[in-house]
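Working notes for the structure below.
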Amino acid sequence: MKPKVVHSQSKLAWNVIGTEWGLKYKIARVPYEQCDNEILNTKFKNEALEIALHISESMKTFNTKER
Numbered sequence: 001m002k003p004k005v006v007h008s009q010s011k012l013a014w015n016v017i018g019t020e021w022g023l024k025y026k027i028a029r030v031p032y033e034q035c036d037n038e039i040l041n042t043k044f045k046n047e048a049l050e051i052a053l054h055i056s057e058s059m060k061t062f063n064t065k066e067r
């Protein structure tokens, strides 16, 4: 599986999606909050992105392990 992280078009969230043919589906949604403070908004968005990237990398390694 080759997951990809993209920003949601309708929500304040990062989506982890599968990209292989026949496996195009959402694996996870990582939402984040917004407030009046621009610095906090950037922090929340970056933290959610880090979590989404971690999930994406975990899916890559999970599928390569022998069972």
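Note that the numbering used here gives residue 10 to position 10 of the sequence shown, counting from 1, and the numbers run on in steps of one.
We put the beta carbon where it would ideally sit given N, CA and C, even for glycine.
These numbers come from a predicted model, not from an experiment.
Inset, instruction - Kindly give me the distance between the Cβ atoms of lysine 45 and tyrosine 32, rounded to whole angstroms, as I take these residues to be in contact under 8 Å. - result: 5 Å
Inset, instruction - Give the DSSP-derived three-state secondary structure of asparagine 37 in the structure shown. - result: coil
Inset, instruction - Taking valine 5 and serine 56 to be in contact with their CB atoms under 8 Å, please state how far apart those CB atoms are, rounded to whole angstroms. - result: 5 Å
Inset, instruction - Using the Cα positions of isoleucine 39 and valine 30, report the straight-line distance between them to the nearest angstrom. - result: 19 Å
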